[in-house]
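J.: Residue numbers (full-length UniProt numbering): 1 to 60.
Attaching a single structure in structure tokens format; questions to follow.
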């Protein structure tokens, strides 16, 4: 195995969500990141890519 691609999409809106079993978002989210990663910011309406970022050393 020489490389792995992983995609995560998290959508939260103040007016609610599409999942009936999930009533509300927690007030605090915490993530532990222990490897380099890329992130993208996209405009929801047009789908245009607004920003691409890279975190090379998340521990420091």
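The beta-carbon is built from N, C-alpha and C at its ideal position, and this holds for glycine as well.
Secondary structure at residue 60, three-state DSSP: helix, strand or coil?
T.: coil
J.: Contact check, residue 38 vs residue 49 under 8 Å by CB: the rounded distance?
T.: No, residue 38 and residue 49 are not in contact; Cβ-Cβ is about 12 Å, not under 8 Å.
J.: Could you compute how far the alpha carbon of residue 53 sits from the alpha carbon of residue 2?
T.: 22 Å
J.: Under 8 Å Cβ to Cβ from residue 59, same chain only, skipping five residues before and after it: list those, please.
T.: 34
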